[in-house]
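Working notes for the structure below.
In the numbering used here, the protein residues as written are 62 to 812.
Structural data, given as C-alpha cells:
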C-alpha cells in the first residue's frame with residue numbers, strides 16, 4: 062500500500078545535500094547573451110532530466126591514502142599491447158597483402174595512445190611511429206568520445222583513425238594493472254604469417270653457408286694482457302758478411318696478441334741511419350724462408366668443384382683443410398736467455414731482459430736463472446783526466462773551470478754547508494784573540510781579533526785600536542780563504558786552506574805573511590767547539606783524558622803531590638794558573654787549548670749577577686740608537702694575546718711578539734730582561750714595556766763598555782769568562798781513579 066503523496070509521507074531528497082548553486086547557461090559573446098550549451102548541469106551540479114555526461118578520462122582505481130591526480134599517480138607509466146594490421150598491396154606482383162606488426166602504448170596519466178612499428182631490415186617501407194601520442198576518438202557514431210582504459214583487451218580489434226588493429230598480447234605490467242581494475246583478459250591471439258616476408262626469409266637463409274666460419278676467441282687474451290710487453294735485449298752477429306758487424310737489437314713481445322716487434326739500438330756516431338723499426342709488429346714464424354703472397358694464408362680453404370667457361374663456377378668449403386698452410390709462430394715459451402730467434406733468416410741471440418719480463422717468467426714458468434749473455438768485452442777504463450797546473454789568474458778553482466769547457470762557469474760552493482751555518486739560531490762565526498809573533502816591540506803589543514766563518518771557511522782579521530800606540534786599528538785582513546804556508550804556487554793539486562780545526566788556543570797561524578799566536582777564544586766559540594767535539598779534536602775531553610791516563614805512574618804521583626801541596630786549606634780547589642803550569646811543565650803533550658778545555662770541564666765558574674737597572678739602560682740606549690718607538694703597538698698586541706686579562710704572558714709568547722716587532726736587542730740581553738720580569742714562566746709585560754720605553758721613561762746614559770757586556774756578536778768579545786779554580790779531586794778520580802782525601806768541594810766557598 063502506497064502512502065499518499067502528502068508532506069511528511071515522502072522522503073526529502075534535499076537531506077544531506079550541501080551544494081545548491083545553479084549552473085550558468087548563458088554567457089556573453091561579442092556583448093550578446095547566448096546559450097552556452099546543453100552540457101551544463103542543473104542545481105548543485107546534478108544532471109537534468111534526460112541529461113547524460115560523457116566521461117572525459119578513464120576511471121582509475123582509488124588507492125589507499127590521499128587521492129593524487131592522475132598525472133602524478135601514473136607518471137611515466139604506460140600499458141603496452143602487441144598488435145598487427147593487414148595492409149593491401151594492389152600494385153605488387155609478388156604479394157597481395159602484408160601483415161605489419163606494431164606496439165600500442167596507452168598512457169594512463171592523460172589517456173593518450175601511441176602506435177609504433179618496429180623497424181625491419183630492407184623492408185622498403187617507412188616504419189617507426191605510425192600514430193603520434195594523442196587522445197584517439199572512438200569510431201562513429203561515438204566519435205565524440207575517446208578511448209580509455211576499459212576499451213583495451215587482448216584478442217580484439219580496435220579502430221584507430223579508420224585503421225583496424227588486432228591486439229594479440231600484452232606485457233606482464235599491463236596484465237597486472239588490468240586485473241586490478243577487474244578487466245577479464247582474453248586468451249592471446251597468434252599473428253598470421255606474411256607470405257612475402259616468409260619468402261624473403263627463406264631466400265636469405267639459403268644464402269648463408271651451412272657450416273659457419275670457425276670462431277677464434279682472442280678477446281680474453283686481449284683483456285688479460287693488454288699493454289703487457291716482454292722486453293729482450295738481442296744481438297745480431299753480421300760479421301760473416303762483408304763490412305758486417307754486431308748489431309744490438311731490442312725485441313718486444315706483446316702478450317695481448319702474440320706479436321713481435323724489433324727495434325735497432327743505434328749508438329751515437331755509428332754511421333748508420335736511425336730507421337724507425339727493424340721489424341714491424343707482426344707474428345714471427347719459426348721456419349719461414351720467405352714472405353707469403355697475399356691470400357696464400359687464410360683461415361678457410363675453398364675447393365673449385367666445377368669450372369666451365371659456359372656455366373657458373375661452383376665452389377665448396379674444404380672441411381678437411383687439405384690445402385691449408387700451417388705455420389708455427391714464436392710464443393713466449395720460446396723466448397729464453399741465450400736462445401736463437403730466426404727473424405726471416407737472421408739469427409738473433411737473446412742476451413738479457415728487463416725486470417717485468419723476469420717476474421713474468423718467474424711466476425708463469427718458474428725460471429730463476431736470468432744470467433745475461435756476455436757477448437762483448439768490458440769497455441776499457443777511461444784514462445784519468447789530468448788537471449793542468451795553476452795559471453796564476455784568479456783562484457785555483459777558477460783556473461780549473463776555464464779548462465773544463467769553452468764557457469767558463471763559476472766554481473760551485475758547498476750549499477749544504479752554507480745553509481747549515483748561515484742561520485740565526487746557530488753560531489756561524491768563531492772568534493779568537495791573537496797577537497803577532499815578532500821581535501818588533503811595537504808590533505808585539507798589538508791585539509788582533511780573528512773571525513772564522515763556518516759557512517765558507519773564510520777568515521777576517523781586525524785590530525783593536527789602542528791609545529797612544531801609534532798604530533791605526535781596524536780591518537787588518539780582508540775576508541777570504543787563507544792558504545797554509547809552505548805550498549807550491551803553480552802545481553796541479555789544489556792548495557790546502559786553513560780550516561776550523563786549525564784554529565785553537567795556542568796555535569800559530571800565518572796570515573798575510575805574518576805569524577800570529579792565538580791567545581784566547583770567545584765564550585760562545587769555546588762552547589761550540591766543546592759541543593762539536595767530534596769535529597774539533599782539541600776540544601774533545603775524552604781524548605784529553607786518554608792522554609793523561611797514558612802518562613807514567615811516577616808523574617801521576619807527582620801530579621797528586623803537587624795538587625795537595627798547592628791546596629794547604631784542603632778546599633778541593635786549585636787556581637787555574639797553578640793547574641796550567643803543572644800540566645805544561647810535565648810535558649804531557651797537551652796544547653794550551655786542551656789545558657783550557659780540561660780546566661773548564663772541572664771548574665765551577667760563577668757569572669756575576671747583572672744589574673736590572675744597567676740592563677734596562679743598555680736596552681734603552683740600543684732602542685734609541687735604532688729609532689724604535691713602536692711601544693704602543695706592542696702594548697696593544699700584548700693585550701690582545703692576553704685573553705684572560707691577567708697582565709702576564711708566557712716567556713715563549715713574549716719572545717715571539719718581540720721577534721715579530723723586530724726588537725733590536727741582542728738575544729743575551731733580551732733573555733736576561735725577560736727572566737728578570739718573569740714570575741715562574743709568565744712575564745709581566747706592562748713592567749717590561751715600561752722599563753724599555755725610552756720615550757716616556759728615559760734611563761741614565763751608559764758607557765760603551767757596559768753595552769759590550771750584553772752584545773754577544775761584538776768584535777771585542779773574544780775573551781771568554783776566565784777559569785779561576787779547578788776541582789782537582791774530581792780530576793784525579795776521573796783520570797787516575799785516586800781516592801779523594803779532601804772535603805766535598807761543592808760545600809766550600811770559592812774566591
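Beta carbons are placed, not taken as given, at the ideal position from N, Cα and C, and that holds for glycine.
Check: Per-residue DSSP class, three states only, for residue 330; Outcome: coil
Check: Coil, strand or helix - residue 445 by DSSP; Outcome: coil
Check: Through-space distance from residue 555 to residue 781, alpha-carbon basis; Outcome: Residue placement at residue 781 is poorly supported in this model, since its pLDDT is 44, which falls under 50; the coordinates still yield a value, given next. If you take the alpha carbons of residue 781 and residue 555, they lie about 36 angstroms apart.
Check: Residue environment, residue 761, which counts as buried when at least 16 other CB atoms sit within 10 Å; Outcome: exposed
Check: Rounded separation between residue 614 and residue 545 - CA only; Outcome: 39 angstroms
Check: Alpha-carbon spacing of residue 142 relative to residue 319, whole angstroms; Outcome: 52 angstroms
Check: Assumed close pair residue 491, residue 513 - CB separation to whole angstroms, cut-off 8 angstroms; Outcome: 4 angstroms
Check: Pair within 8 angstroms by beta-carbon distance, residue 239 and residue 221; Outcome: no
Check: Cβ-Cβ separation, residue 710 to residue 757 (assumed contact under 8 angstroms), whole Å; Outcome: No, residue 757 and residue 710 are not in contact; Cβ-Cβ is about 21 angstroms, not under 8 angstroms.
Check: Nonlocal neighbours in the same chain, by C-beta distance under 8 angstroms from residue 207, ignoring five residues either side; Outcome: 117, 172, 196, 197, 198 and 199
Check: Proximal residues to residue 520 (C-beta, below 6 angstroms), its chain only, five neighbours per side dropped; Outcome: 513 and 543
Check: Beta-carbon contacts of residue 126 that lie in its chain and below 8 angstroms, excluding the five residues immediately before and after; Outcome: In this prediction, residue 126 scores a pLDDT of 44, lower than 50, which makes its location untrustworthy; no coordinate-derived value is stated.
Check: Whether residue 144 touches residue 165 by CB criterion (8 angstroms); Outcome: yes
Check: Residues sharing a beta bridge with residue 721, DSSP; Outcome: Residue 721 pairs with nothing; no bridge assigned.
Check: Contacting residues, own chain, Cβ-Cβ under 6 angstroms from residue 685 (five flanking each side not counted); Outcome: 755
Check: Three-way DSSP call (helix, strand, coil) for residue 157 in this model; Outcome: coil
Check: Per-residue DSSP class, three states only, for residue 593; Outcome: coil
Check: Touch test, the stretch 173-187 against the stretch 151-158, Cβ-Cβ under 8 angstroms, three pairs minimum; Outcome: no
Check: Residue 796, enclosing alpha helix (DSSP H) - first and last residue; Outcome: 789-796
Check: Minimum C-alpha distance to residue 564 - residue among 574, 578 and 552; Outcome: 578
Check: Cβ separation of residue 217 and residue 225, assumed to be a contact under 8 angstroms, to the nearest whole Å; Outcome: Not quite, the Cβ-Cβ distance comes to about 11 angstroms (not below 8 angstroms), so this is no contact.
Check: Segment contact flag, the stretch 312-332 with the stretch 285-293, C-beta cutoff 8 angstroms, min 3 pairs; Outcome: yes
Check: Candidates 609, 442, 359 and 210, of which the one nearest residue 242 by Cα; Outcome: 210
Check: At least three beta-carbon pairs within less than 8 angstroms, the stretch 491-501 to the stretch 580-595; Outcome: yes
Check: Within the stretch 419-502, ranges of the beta strand (DSSP E) (whole runs, at least 3 residues); Outcome: 490-497
Check: Cβ-heavy atom distance, residue 247 to the ligand COA, below 7 angstroms; Outcome: Absent from the structure shown: the ligand COA. Ligands present: none.
Check: CB-CB length for residue 704 against residue 759, believed under 8 angstroms; Outcome: 33 angstroms between Cβ atoms; not a contact.
Check: Residue 236 (DSSP reduced to helix, strand or coil); Outcome: helix
Check: Residues bridged to residue 544 (per DSSP); Outcome: 558
Check: Outcome for residue 67 when other beta-carbon atoms lying within 10 angstroms are tallied against a minimum of 16; Outcome: exposed
Check: Reduced DSSP category for residue 78 - H, G, I as helix; E, B as strand; rest coil; Outcome: coil
Check: Residues near residue 488 by beta carbon distance below 7 angstroms, same chain, minus five either side; Outcome: 585 and 589
Check: 8 angstroms Cβ shell around residue 447 - same chain, five flanking residues per side excluded; Outcome: 553
Check: Coarse secondary structure for residue 387, derived from DSSP in three states; Outcome: coil
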